[in-house]
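Peer 1:
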Amino acid sequence: MRSFIVPARTVSASLMENNLARKTRPSTQVLDLPTDEQLVHAYRVGLRVRSAITQCLLEMRKGSVRFWIGGPGEEVHGTATALAIKDFDSEYGMPDDRWASALFPHYRSDALVTMLAELRGHPNFTLDYFRQALSRATDPMSRGRQMVMHVCDIERGIMPAQSPLGMNLGKAAGYAKGLKILGKPGVAVAVCGDGTTATSDFHEACSAASLWKLPLVVIITDNQIAISVGPDEGRPIKDYAAYAAAFHGHYLECDGHDAANTYTQTLAALRHARDHQQLVLLHAKVPRLRGHSSSDGAIFRYDSRDPLLEMGESLLAARIVDDKAVFRRKKKVTEKDYFEDHLDGTLMAAERQRNKESLDQVRAEPVPQPGDEYLWDHPDYPDVEEPEHEGKTGVQINEALNLCLQRMLEESPTCMWGQDIGGDKGGVFKVTRGLAFRYPDRVNNAPINEPLIMGTAIGAAHHPELRAVPEIQFGDYSLNTLHWLVHGGNLYWGSGGNLSPNITLRTPVDPVQGGAIYHSMPVDGFYTSVHGWVICCPSTTFDAYGLLRTSGDYAGPVMFLEPKILYRRMEGPAMPGEPDSAELRKLRRASGESLLGPNELASVSDFRIPFGKAAKRRGGRDLTIVSWGNSVHQSMEAADILADKYQLEVTVLDLRTLSPWDEQAVMASARSTGRLLVAQQDRAFASFGRHVQGRAHEEIESLSSVVVGMRNVPGVGQAKELEEHTILSTKRICDAAVELCQRPVGAFVANENVWMQFAPTRRTI
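Per this note's numbering, the sequence shown starts with residue 1, numbered consecutively.
(1) Pull up the distance between the alpha-carbon of P714 and that of G532, whole angstroms please.
(2) Ignore the nearest five residues each way along the sequence and tell me which others in P72's own chain have a CB closer than 6 Å to its CB.
(3) Specify, as a first and last residue, the run of the beta strand (DSSP E) that Q361 falls within.
(4) Nearest to V708 by alpha carbon, out of E699, E739 and G488?
(5) Quick check on the DSSP output: what are the complete alpha helix (DSSP H) runs of length 4 or more inside the segment 62-90, in order along the chain?
(6) Just to confirm before moving on: does the CB-CB distance between F247 and V189 stay below 8 Å?
(7) Which whole runs of the beta strand (DSSP E) in the segment 435-516 are 3 residues long or more, in chain order?
(8) Using DSSP bridges, identify the partner residues of V707.
(9) Thinking Y175 and A460 are a contact (beta carbons under 8 Å), I'd like their distance in whole angstroms, please.
(10) State the DSSP-derived secondary structure class of A188, mapped to helix, strand or coil.
(11) Relative to the C-alpha of C56, which residue among H487, S529 and S358 is closest?
(12) With distances taken from CA atoms, which of H389, Y477, Q224 and K336 is nearest K238?
(13) Under the assumption that W766 contacts W212 (Cβ atoms under 8 Å), give the Cβ distance between them as a whole number of angstroms.
(14) Report the residue from S729, D644, A198 and E698 whose alpha carbon sits nearest the alpha carbon of D682.
(15) With 16 other CB atoms within 10 Å as the buried threshold, where does F437 fall?
(16) Return the bridge partner residues of P563 from the DSSP annotation.
(17) Hey, which unbroken runs of the beta strand (DSSP E) at 3 residues or more fall wholly within the segment 617-663?
(18) Mind checking who F104 pairs with in its DSSP beta bridge?
(19) If we require 4 or more residues per run, which alpha helix (DSSP H) segments fall completely within the segment 137-200?
(20) Using only CA atoms, which one of T541, A582 and R690 lies nearest to R569?
(21) With a threshold of 8 Å on Cβ separation, who are the neighbours of P451 within its own chain once the five nearest residues in sequence on each side are excluded?
(22) Quick one: what's got a C-beta closer than 6 Å to R381's C-beta in the same chain, skipping five residues either side?
(23) Sort out for me which residues DSSP pairs W417 with in a bridge.
(24) On the criterion of 16 or more Cβ atoms from any shown chain inside 10 Å, does T334 qualify as buried, or is it exposed?
(25) From Y92 to I181, what does the alpha carbon distance come to, in whole angstroms?
(26) Who are A205's beta bridge partners in DSSP?
(27) Using three-state DSSP, classify C537 as helix, strand or coil.
(28) Which residues in the same chain as C404 place their Cβ atom closer than 7 Å to its Cβ, once the five residues preceding and following it in sequence are excluded?
(29) Contact between the segment 418-437 and the segment 629-644: three or more CB pairs below 8 Å?
(30) Please state whether the Cβ-Cβ distance between Y107 and A161 is less than 8 Å.
(31) Could you give the C-beta distance for N498 and I154, rounded to a whole number, given that I count them as a contact under 8 Å?
(32) Whose C-beta lies closer than 6 Å to the C-beta of R143 among residues of the same chain, with five residues either side of it excluded?
(33) Measuring only the C-alpha atoms, how far is L309 from E410?
(34) Could you check what DSSP says for P557 in three-state terms: helix, strand or coil?
(35) DSSP on D606, reduced to helix/strand/coil?
(36) Roughly how many angstroms lie between the CA atoms of G70 and G230, to the nearest whole one?
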């Protein structure tokens, strides 16, 4: 980096310094410019990327690359941006192999990523580019699971790119919040196209940066088109400066044709975001020199200005390189063969040879094999043992959850945000009560924007040492986060095990006391089909604490479904170290509060519960009932009625976690009784209960089974009569059980009747 004092309207000696001077304000200021060596380095990497893109498209014609997407025309802007990020990080005293600022790129950021990876120590990023393009097992970024330019190099601060536009912005905002929480230097840098500024993700990231005062730089690479849609049809924001100001942000522009201007303005943006802890929108004008992707034919456009050709001539004019080094277009072109239409020059010739050697190496490397798709399915589950338990608890479920969250906050970097979880309210159901007063920097209210809550939480969890525990106020309002749930669930698999966000999403679920359509949804049927998430649904105080504690230890994403009706109930066995009932009554009187806090429950021992382990709530030989959440208590009531009225012995299994679920325990019990009843709050149609039933029938011949849940109607009505008739009830479980037990059992079962080859019904009802 070199600094120049530039008076107003001064004309610099070189062409690029002249371009810079014309863009300065009419006052003397210090401008930082890249050195000659940096400019030559940027030019060489830009040539390398242009060569790699062109070669990738040639490989498509041969069938060895299935799809291409990238950013030809952004080479100058990308390499100059990378130089600015590297020099910005050096202001923190970072050595060459260390970094402070994370990059959240998009799929046109090939030059930016290649240059930044090299500056941060990667010996040959283009080798990995070809590995991903040719879907090799050696691809370190995705193991052959992602298309080209879905980059990921966590070691060098390059975060996973994704296909859905704009999601990197929410992740970058969350990462920036993580920087503040952890007290780490640097800023978060995200890149998007001008078309992406129409997405809600763009608005959400800007909202988070504004509300939480985040060091976030969003670079808008404006090529005036989104696939085939121009600004008149696809860009509702007409003034990016005004938009930035509306979010109390800062606005800058740069010319993506000009390396020096891009470098200077990017460095200014990074410093402003750091110094003011503020959003910066950096609007970069860049061309798109090929189609959106290979689906457009990707024909190179010769009728547009090419920044890479211009950079070569500028370096020559400044006597930084000689004439033989410059890459040029021939006067007569065919527009059929890109390289035939150009004169390589010594630098492009060297980069083409380097790329050829890399590509030859990749062609000889192995491809993924059938069965490899099961690798990196999820991080290892915590290896924990459930403690012995006895007695009846005197602690409410919301009190146990509050105690657990307090301990998570005090032991390690944990952050929480959601609607109304801070201040005096402490959440609608008081689960986070008091936490924001103890940890104001890590427990925060969030705006009414569930995708913002989820996106920033996943971004914060890109810090491996940070645990994110967001809350969505009602499970019903999680539906507009499905995009984030899918992305969060496949991050570990899609990155080949490079990244897994430690995030536990808490949300209340199920109908209770007049919730009507949008405060009564069971969501387990929606989300058990979203792969990659652990899904917990506790029914007792003991399980609520133990499962949430394990969720916090798990390296991957967890969805923690909390039945609303159970929050203020004392259910299940006592927690180890829990005060006895007399002491608890004394504590409640002394506190004067409706809820006991962590101080009153300090004697409770810390413990965990393993994922995927069902709890057997009672045993019996006539019928197996499988349930979770509040359905467990209804099933237990039904089992008592069935025993008293019909002398039926019923096993009740509480799954506790739906993904993974204890398939072994369910199959063993269903095989023993020959009858299976799944009781759930959700509708039976297309539900998780149907999955349990289906798996049981695949494993057990002639099993008799039924699934019972809420009625198959659009929602739960507000009227008490409608609600009671719609939702699962103890009576409906009993009725289903009686009907099931009236069927003759034809299943081969593992009990003392095994010699008969089937289990006859033991009683007539």
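Idealized CB from N, CA, C, for every residue including glycine.
Peer 2: By the coordinates alone:
(1) 28 Å
(2) I53, L289 and R290
(3) Unbroken run through Q361 is the alpha helix (DSSP H), G345 to R363; no beta strand (DSSP E).
(4) E739
(5) 75-90
(6) no
(7) 443-445 and 503-509
(8) V678
(9) 6 Å
(10) strand
(11) S358
(12) Q224
(13) In the structure displayed, the chain extends from 1 to 765; residue 766 sits before or after that span and is not available.
(14) S729
(15) exposed
(16) V509
(17) 623-627, 650-654 and 657-659
(18) A190
(19) 167-182
(20) T541
(21) G170, S200, D201, E204, N480, T481, H483 and W484
(22) Sequence check: residue 381 is Tyr here, not Arg. Hits under 6 Å: F611.
(23) N444
(24) exposed
(25) 18 Å
(26) Paired residue(s): none; A205 is not in a bridge.
(27) coil
(28) Y545, L548 and R549
(29) no
(30) yes
(31) 5 Å
(32) G496
(33) 57 Å
(34) strand
(35) coil
(36) 19 Å
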